[in-house]
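Note sheet for the following structure.
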Amino acid sequence: MTEGLECPICKNAHSNNENEAAEDCFVSTAKGHVFHYTCLQRWVDEGKTQCPNCTESLGRNTVLRLIGVQSATPRRVSLHQEAFNSQLKDKSLNNPKTDTSLYDLPCVTAKIVALGDAGVGKSSLIRRFMNETFEDRYNATIGCDMNVKTIEVAGKLVQLHLWETAGQERFRSVVTNYVRNADGILLVYDVTCQNSIRSIDRWIAFAKDYGPPDSIKVLIGNKFDQKERCIISKRKGKELADRLEMPFFETSAKSSLNVEVVFRTLAAEILLSPEIQERNREEKMARSFSISQPEGKHHKSNKGFNCC
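For the sequence shown, full-length UniProt numbering begins at 1 and goes up steadily by one.
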């Protein structure tokens, strides 16, 4: 099983038969629920047409292969590339969607902020997700950088605003401005650096002090590809995540392990949060109300404007 990710189907139904458990590529449903390809195929072959985790129907254009989510036995992937049955046949399992109908879907925005010590790989994770690239050379983020990527989740286009933040103490006052109104927060540590996981509690406190109480938080142990240098076990990361009551993934920005899963899972959780959606609606209404006010109520003169 891929580190940090478990297929609910084979874990619950096939845990006693490892040969049958599908150690192949992972796929995601429209709502971001992740399963082994062959486990979900078996599920549908048994006549079950709803997602094992919810009531969402499994039909065309609802299942996507997760690129970069590796399996324990990659050689088996080629053995399971036949299309699903007629309900799931879709070339999107192997290729990104290009259907122009996507532009007709409702679109929502989600602000995601990555927090963690300097050098843990926050920027590398975002860069890998954005354009599938990785740079070995470390370049510290100065202040904050923002990237935008749109994905489809649960029949909606989700425009992710991804904020890379500096981990150095001297930029902390700058970072506070960007944590406000965050819908999702990635708390990242380096599995090769003990101090980085010790700092997570401090970053949690920082997020609670300056971020919304309803933001979705995910704990990430990055640089999993450096197994020979790893000093923080998966068990320790999982114990911390359980204590903090948040999902946990081990990732590698270098190999792309679990990177796409993290962002798709976070996007799905944000969509499913009524508190976040209500907060975003209120903020949008407040902005619209402010813009629609008569000009005289905001300016002493209707000639020109100030840029600051």
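Even for Gly, the Cβ is constructed at its ideal location relative to N, Cα and C.
C-alpha gap between residue i and residue j, whole angstroms
| i | j | result |
| --- | --- | --- |
| L271 | S199 | 29 Å |
| Q87 | T55 | Low per-residue confidence applies at Q87: pLDDT is 36, beneath 50, and the placement is therefore not dependable enough to give any value. |
| L157 | A241 | 29 Å |
| G119 | P52 | 38 Å |
| P274 | Y210 | 21 Å |
| L244 | S123 | 23 Å |
| S196 | G116 | 7 Å |
| R281 | V259 | 29 Å |
| T38 | A286 | 47 Å |
| C7 | R202 | 32 Å |
| W43 | G155 | 22 Å |
| I9 | H33 | 11 Å |
| E132 | T29 | 21 Å |
| E135 | L257 | 15 Å |
| V27 | P212 | 31 Å |
Integer Cβ distance of residue i from residue j, believed to fall under 8 Å
| i | j | result |
| --- | --- | --- |
| D214 | A110 | Incorrect: roughly 13 Å between the Cβ atoms, too far for contact. |
| T251 | N222 | 5 Å |
Option in the options with minimal Cα separation from residue i
| i | options | result |
| --- | --- | --- |
| K208 | V179, T150, G221 and C193 | V179 |
| V235 | F249, S196 and E135 | In the sequence on display, residue 235 carries Arg and not Val. The shortest Cα separation from R235 among F249, S196 and E135 belongs to F249. |
| R127 | N147, F224 and L257 | N147 |
| G255 | K149, R264 and K227 | A small fix is needed here, since residue 255 is Ser in this sequence, not Gly. Of the candidates K149, R264 and K227, the one whose C-alpha sits nearest the C-alpha of S255 is K227. |
| G237 | E152, D225 and I220 | I220 |
| V191 | L162, W203, D225 and P212 | D225 |
| H36 | E278, V261, Q277 and R279 | V261 |
| T265 | E283, R279, M246 and C193 | M246 |
| M130 | R42, E283 and F263 | F263 |
| I112 | D136, K149 and E132 | K149 |
| L186 | V27, T29, A267 and S28 | A267 |
Strand pairing of residue i, partner residues [DSSP]
| i | result |
| --- | --- |
| T29 | Looking at the DSSP assignment, T29 forms no beta bridge with any residue, so it has no partner. |
| V148 | H161 |
| G184 | I112 and I216 |
| D228 | Note on identity: in this sequence residue 228 is Glu, with Asp being the wrong assignment. According to DSSP, E228 bridges with nothing at all. |
| Q50 | S57 |
| Y189 | G221 |
| S252 | L257 |
| K156 | V153 |
| F35 | V27 |
| C107 | L157 |
C-beta atoms of residue i and residue j nearer than 8 Å
| i | j | result |
| --- | --- | --- |
| V218 | G121 | no |
| Q159 | C107 | yes |
| E164 | A114 | yes |
| L162 | A253 | no |
| Q277 | I232 | no |
| I216 | E269 | yes |
| T49 | L40 | no |
| N181 | E283 | yes |
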